[in-house]
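Residue numbers (this note's numbering): 55 to 128.
What follows is the structure, encoded as structure tokens:
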């Protein structure tokens with residue numbers, strides 16, 4: 055599958071509602087994100103592979119490409 059990847063996503067802190075547009079990594083899952091406003095450490099929700107899939111407007115690049123096991127532990 056050859057899809058165009060959207061590299062930027064707006065991540066929203068669930069504690070203070072601060073929004074920040076970030077460029078997502080394309081070669082790794084991001085399991086942690088520190089809110090730039092309140093310092094809350096975001097972690098993926100159960101069932102999500104990364105913080106972008108849990109708290110952002112656009113899912114991570116592997117999910118955008120249809121890879122369902124992008125962040126599975128080995």
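The beta carbon of each residue, even a glycine, is placed where N, CA and C say it ideally should be. Fair warning: this is a prediction, and the values are worked out from it, not measured in the lab.
Query raised in the report: Across which residues does DSSP place residue 66 in a beta bridge pair?
Result: 73
Query - Residue range of the alpha helix (DSSP H) that includes residue 108 - result: In the DSSP assignment, residue 108 falls within the unbroken alpha helix (DSSP H) covering 105 to 109.
Query raised in the report: Hey, residue 69 and residue 104: beta-carbon distance below 8 angstroms or not?
Result: Judged by their CB atoms, residue 69 and residue 104 are not nearer to each other than the 8 angstroms cut-off.
Query raised in the report: What residues are listed by DSSP as bridge partners for residue 95?
Result: Note: residue 95 sits in a beta bridge opposite 88.
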